[in-house]
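Per the working numbering, the sequence shown starts with residue 3, numbered consecutively. For every residue, glycine included, the Cβ atom is placed at its ideal position computed from N, Cα and C. Worksheet: the structure to be examined is printed underneath.
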Amino acid sequence: MLEFEVLDHADTPIGTFILRERTKPVAGVIELTLDHQFLMSSSVNVSERELSIRAIAMHGGNDLEVMVGGLGLGYTAKAALDTGRVAHVDVIEYVQSIIDWVARGLIPLGKELLADPRYHAIHGDVFERLRGPVTKSYDLLLIDVDHSPDERLGETSDSFYGHAKLVLAAQHLKPGGVFALWSTNESPEFEAELRKTFKEVRIEPIEFFNATTDQEEQNWLFLAR
Numbered sequence: 003m004l005e006f007e008v009l010d011h012a013d014t015p016i017g018t019f020i021l022r023e024r025t026k027p028v029a030g031v032i033e034l035t036l037d038h039q040f041l042m043s044s045s046v047n048v049s050e051r052e053l054s055i056r057a058i059a060m061h062g063g064n065d066l067e068v069m070v071g072g073l074g075l076g077y078t079a080k081a082a083l084d085t086g087r088v089a090h091v092d093v094i095e096y097v098q099s100i101i102d103w104v105a106r107g108l109i110p111l112g113k114e115l116l117a118d119p120r121y122h123a124i125h126g127d128v129f130e131r132l133r134g135p136v137t138k139s140y141d142l143l144l145i146d147v148d149h150s151p152d153e154r155l156g157e158t159s160d161s162f163y164g165h166a167k168l169v170l171a172a173q174h175l176k177p178g179g180v181f182a183l184w185s186t187n188e189s190p191e192f193e194a195e196l197r198k199t200f201k202e203v204r205i206e207p208i209e210f211f212n213a214t215t216d217q218e219e220q221n222w223l224f225l226a227r
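Shown next as structure tokens:
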């Protein structure tokens with residue numbers, strides 16, 4: 003039987019986010035849910051880290067300016083910082099409480115992120131920001147918000163996955179910049195929209211073993227330049 007302790011919760015326009023800690027069958031695992039939909043776990047973070055690692059490798063540069071859309075449990079931001087090739091990471095997070103949970107140390111990576119002067123968390127809607135005027139350009143845009151382009155958590159991402167909005171997002175990239183997006187599933191429709199927008203597109207599966215469910219799983223990364 004799965005058992006957990008609720009550490010905190012946050013009511014938002016798109017539902018209630020719950021931060022919880024597993025007590026059985028494996029203790030000490032931190033999880034994030036939205037209206038009881040599972041979002042992420044501290045025990046399963048391979049694909050979130052690979053989002054940063056592979057996008058930065060694709061870029062090939064150093065002293066990089068990075069925007070991360072979605073803080074979550076912090077693994078994408080931390081992986082970017084750990085490459086040693088990043089000058090600054092701006093994390094745009096829709097839920098202020100998630101930023102606060104990092105600051106309070108409720109999220110395991112919180113202390114490490116806060117100790118790094120390159121890390122900067124910003125309360126806001128990344129989709130709205132990328133549809134708006136460019137105030138700062140980035141070498142990388144790393145997006146991990148929805149389950150997938152075809153399964154969205156809220157209305158703010160509506161139309162973001164189409165060519166017209168991707169063109170607006172691309173304007174926030176420096177020349178040679180890389181756009182990368184995490185997804186639980188493939189999306190031929192989104193891939194087609196990316197290919198309309200960017201010169202180079204890669205679709206890469208990430209396979210991993212989920213010890214919580216005791217099975218092999220697969221996520222997907224969409225990388226474009």
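- Message: For F40, tell me which candidate among E209, D160, L155 and G86 has the shortest Cα-Cα distance.
- Response: L155
- Beta bridge counterpart(s) of G71 as assigned by DSSP: I94 and I145
- Task: Tell me the start and end of each unbroken alpha helix (DSSP H) in the region 155 to 180 that is at least 4 residues and wholly inside, in chain order.
- Result: 165 to 172
- Query: From N64, Q173, L108 and S161, pick the residue whose C-alpha is nearest to that of A89; which is it?
  - Reply: N64
- Taking all protein chains shown into account, decide if V8 is buried (16 or more other Cβ within 10 angstroms of its Cβ) or exposed. exposed
- Query: Just checking, does the region 131 to 139 make contact with the region 162 to 182 on the three C-beta pairs under 8 Å criterion?
  - Reply: yes
- Please name the residue or residues paired with H38 in a DSSP beta bridge. For H38, which the question treats as bridged, DSSP gives no partner whatsoever.
- Nearest to D146 by CA position, among T78, T35 and L36, is which residue? T78
- Task: Quick one: grab the DSSP three-state call for T137.
- Result: coil
- Since A81 contacts S54 with CB under 8 Å, what's their CB separation in whole angstroms? Yes, A81 and S54 are in contact; Cβ-Cβ is about 4 Å, under 8 Å.
- Is V203 helix, strand or coil by DSSP? In the displayed model, V203 falls within a strand according to three-state DSSP.
- Item | 8 Å CB neighbourhood of W103 in its chain, flanking five on each side removed | L9, D10, L21, I109 and G112
- Task: Could you check what DSSP says for E218 in three-state terms: helix, strand or coil?
- Result: strand
- Message: With H, G and I counted as helix, E and B as strand and the rest as coil, what does DSSP make of G17?
- Response: DSSP, read as helix, strand or coil, puts G17 in strand.
- State the DSSP-derived secondary structure class of D10, mapped to helix, strand or coil. strand
- Flag this pair as yes or no: are the beta carbons of Y140 and L83 separated by less than 8 Å? no
- Query: According to the Cβ coordinates, are L225 and R87 closer than 8 Å?
  - Reply: no
- Message: Given this structure, state the Cα-to-Cα distance separating D13 from F19, to the nearest angstrom.
- Response: 6 Å
- Message: What would DSSP say about L223, mapped onto helix, strand or coil?
- Response: In the three-state reduction of the DSSP assignment, L223 falls in the strand class.
- Mark F192 as exposed unless 16 or more other C-beta atoms lie within 10 angstroms of its C-beta, in which case mark it buried. buried
- Message: Run through the DSSP bridge pairs and tell me what F211 is partnered with.
- Response: E218
- Provide the residue span of the alpha helix (DSSP H) that contains I58, from first to last. V48 to H61
- So, are the CB atoms of V46 and F210 less than 8 Å apart? At a Cβ-Cβ threshold of 8 Å, V46 and F210 count as neighbours.
- Message: Quick check on this structure: which residue in T85, K198, R24 and E50 has the alpha carbon closest to the alpha carbon of V2?
- Response: No statement about residue 2 is possible, as the shown extent of the chain runs from 3 to 227 and does not include it.
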